[in-house]
Amino acid sequence: MILGRIAEKNSRMRQGLKVDGPHYQPGHVTYAFLRVQNISSQIILLAQGMRIAQIIFEQLTQIPDVPYSAQPKAAFQDEVRYKGLGNYKEDYEKETRKEVKRTKEDIERLSQKIYANVLTIMGIMVAIFALLTINYQAFTQAAVDFRYIWVMNLTLALCIVIMLGLILIFINKPENKKNSLDLHWNISVTCNSDSNCES
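Add 134 to a position in the sequence shown, counting from 1, and you land on the number used in the numbering used here.
Written out as structure tokens, the structure is:
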């Protein structure tokens, strides 16, 4: 018995054409379905009759116990038209969906982190500008004491923390909102407690 192995042609490989194919076991009756890829930086035009691959037959030293045609799960026997994944479609599609879903979640998580960082930086800049502006106006336009300025700054800081907490809640996914809400609540309580202590 012989085994068929798909191989690339040397000239096409140098051209940048990559051809893959399965090993055809003894007893496997089918057309040869190949995967052809252009890995070069140029456009390669394919036409009917072009020789892009070769099949190498190898003599087996031992006879297989069960040829491919007699196997109960021979999904690609007598494949005249391309069957895709054949009998493996249901199992493989589940794996593919899981991988696609995982990749999508990773991308969404990364984009949320980027948005959160940008909004946090913007919030910090706005907070610094607001603190400087309010303190400047308080010192130059009104006769206020240190206690008033201190309470005013704590109140402004509390408002900024609440704003940033709400931003994090809205940009996070539902499963992450609880953690953000807990963090925002802890920070708010701390600032509010400080404000009350100073008051």
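C-beta atoms are modelled at their ideal positions from N, C-alpha and C, and glycine is treated no differently.
Note to self: Please state the DSSP three-state secondary structure of LYS207.
What the structure shows: Residue mapping note: residue 207 aligns to position 73 of the sequence shown, counting from 1. Three-state result, LYS207: coil.
Margin query: What does the Cβ neighbour count give for PHE191, buried or exposed, with the cut at 16 atoms within 10 Å?
Written below: For the purposes of this step, residue 191 is identified with residue 57 of the sequence shown, where counting begins at 1. With fewer than 16 Cβ atoms within 10 Å of its Cβ, PHE191 is classed as exposed.
Notebook entry, point to check: PRO201 and PRO156: beta carbons closer than 8 Å?
Noted result: Along the sequence shown, read from residue 1 onward, the residue named residue 201 stands at position 67. Along the sequence shown, read from residue 1 onward, the residue named residue 156 stands at position 22. Between PRO201 and PRO156, the C-beta gap is not smaller than 8 Å, which leaves the two residues out of contact.
Checklist line | Through-space distance from ASP225 to ALA208, alpha-carbon basis | finding: Numbered from its first residue, the sequence shown carries residue 208 at position 74. Numbered from its first residue, the sequence shown carries residue 225 at position 91. If I take the Cα positions, the gap works out to 16 Å.
Item checked: Outcome for TYR158 when other beta-carbon atoms lying within 10 angstroms are tallied against a minimum of 16 -> By one-based count along the sequence shown, residue 158 stands at place 24. Residue burial annotation: TYR158 is buried, with at least 16 other C-beta atoms found within 10 angstroms of its C-beta.
Checklist line | Reduced DSSP secondary structure (H/G/I, E/B, other) of GLY299 | finding: One-based indexing of the sequence shown puts residue 299 at position 165. Of the three classes helix, strand and coil, the one that applies to GLY299 here is helix, per DSSP.
Next item on the list: Report the three-state DSSP secondary structure of LEU179 (helix, strand or coil).
Entry: In the sequence shown, counting from the first residue as 1, residue 179 sits at position 45. If DSSP states are grouped into helix, strand and coil, LEU179 belongs with coil.
Next item on the list: State the Cα-Cα distance for the pair VAL170 and LEU298, rounded to the nearest angstrom.
Entry: Numbered from 1 along the sequence shown, position 36 holds the residue referred to as residue 170. Numbered from 1 along the sequence shown, position 164 holds the residue referred to as residue 298. Each residue's Cα considered, the two are about 52 Å apart.
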